[in-house]
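Participant: For the sequence shown, counting from 1, position 104 maps to 103 in numbering that gives the first Met the number 0; every step adds exactly one. For each residue, glycine too, the CB sits at the ideal point set by N, CA and C.
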Amino acid sequence: MAVGVPVAQGQLFPSVGIVINGTLSCSANLTGNGPPLAIIFNEIRGGVAGGSILKGVLKVNQYIEVRPGIVVKDESGNIKCTPIYSRIVSLYAEQNDLQFAVPGGLIGVGTTMDPNLTRADRLVGQVLGEVGSLPEVFVELEVNFFLLRRLLGVRTKGSEKQGKGECVIAVRNDLAKLQLTSPVCTSKGEKIARSRRVEKHWRLIGWGQIQAGTTLEVPPCPI
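(1) For GLN61, is the classification buried or exposed, using 16 other Cβ atoms within 10 angstroms of its Cβ as the cut-off for buried?
(2) In this structure, how does DSSP classify PRO221 when only helix, strand and coil are distinguished?
(3) Could you tell me how far apart the beta carbons of TRP284 and LYS190 are, in whole angstroms, since I believe they sit closer than 8 angstroms?
(4) Please name the residue, chosen from PHE99, ILE222, GLU135 and THR180, that lies closest to GLY76 on a Cα-to-Cα basis.
(5) Have a look at ILE63, THR81 and VAL65 and flag the residue whose alpha-carbon is nearest the alpha-carbon of VAL71.
(6) Assign GLY46 to buried or exposed, taking buried as 16 or more other Cβ atoms, counted over all protein chains shown, within 10 Å of its Cβ.
(7) Does PRO134 come out as helix, strand or coil in the three-state DSSP assignment?
(8) Counting pairs of Cβ atoms below 8 angstroms between the stretch 88 to 99 and the stretch 52 to 59, do you hit three or more?
(9) Entirely within the stretch 65 to 118 and at least 3 residues each: give me those beta strand (DSSP E) ranges in chain order.
(10) So, are the CB atoms of VAL226 and LEU53 less than 7 angstroms apart?
(11) Rounded to a whole number of angstroms, what is the C-alpha to C-alpha distance between ALA211 and THR117?
(12) Starting from GLU129, trace the beta strand (DSSP E) both ways and give me its first and last residue.
(13) Are the C-beta of GLY212 and some C-beta of chain D separated by less than 7 angstroms?
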């Protein structure tokens with residue numbers, strides 16, 4: 000399910016985590032800080048993901064996967080992703096050590112992952128959940144959208160145009176086809192927020208719902 004953190008030498012970064020079955024949306028990473036003078040193998044700790052559980056339950060010793068995981072481009076420029084598989088070793092909420100976690104609040108999930116995979120916000124936008132429970136990975140989305148008539152909190156002239164914040168492939172009536180800069184793990188019917196960069200700040204411009212999309216082939220679980 001989702002999230003645990005070995006606390007002693009933790010450092011908090013905004014990142015990602017969500018749990019399905021439990022699914023955890025990752026929004027923070029915790030890693031050890033300070034150069035170690037010696038390595039004691041029985042005290043080595045794995046990477047920590049932080050975020051909010053969307054649904055389900057996460058339990059200690061549960062096997063999990065993180066999608067999209069490691070994303071690369073092949074020689075032809077095609078995007079490929081490889082999920083990360085791990086096991087939950089601890090769950091924390093604030094200063095409380097948990098054996099299981101349910102939706103509500105932020106959760107720290109300690110795993111057996113290489114800490115390099117969770118440091119510096121590298122898990123932001125990833126989804127964590129029980130092996131085999133996560134939805135597909137999309138590189139393009141078709142969404143029906145609803146736009147706000149004006150940007151909230153921004154003074155602009157009615158005819159003034161703002162810079163676009165995403166790659167829109169096609170638009171038809173209230174349906175748009177979007178090409179994503181990074182693949183996402185989601186499902187049809189999910190709601191999304193649309194933002195635009197205005198004066199060096201991201202502003203909400205509307206919302207939408209996923210209708211269809213182009214998915215990536217995900218390698219099967221090796222365990």
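Facilitator: So, from the data block:
(1) So GLN61 counts as buried.
(2) It is coil, neither helix nor strand.
(3) Because the chain here runs from 0 to 222, residue 284 falls outside it and cannot be looked at.
(4) Comparing Cα positions, the closest option is THR180.
(5) Taking only the C-alpha atoms, the option nearest VAL71 is THR81.
(6) GLY46 comes out buried.
(7) If DSSP states are grouped into helix, strand and coil, PRO134 belongs with coil.
(8) Cβ pair count under 8 angstroms is three or more, so yes.
(9) Unbroken beta strand (DSSP E) stretches of 3 residues or longer found wholly inside the stretch 65 to 118: 78 to 92, 95 to 97 and 105 to 110, given in chain order.
(10) Outside the modelled stretch of the chain, which goes from 0 to 222, sits residue 226, for which no answer is possible.
(11) Taking the Cα positions, ALA211 is about 30 angstroms away from THR117.
(12) For GLU129, the enclosing beta strand (DSSP E) stretches over residues 126 to 129.
(13) No chain D is part of this structure, which consists of one protein chain only.
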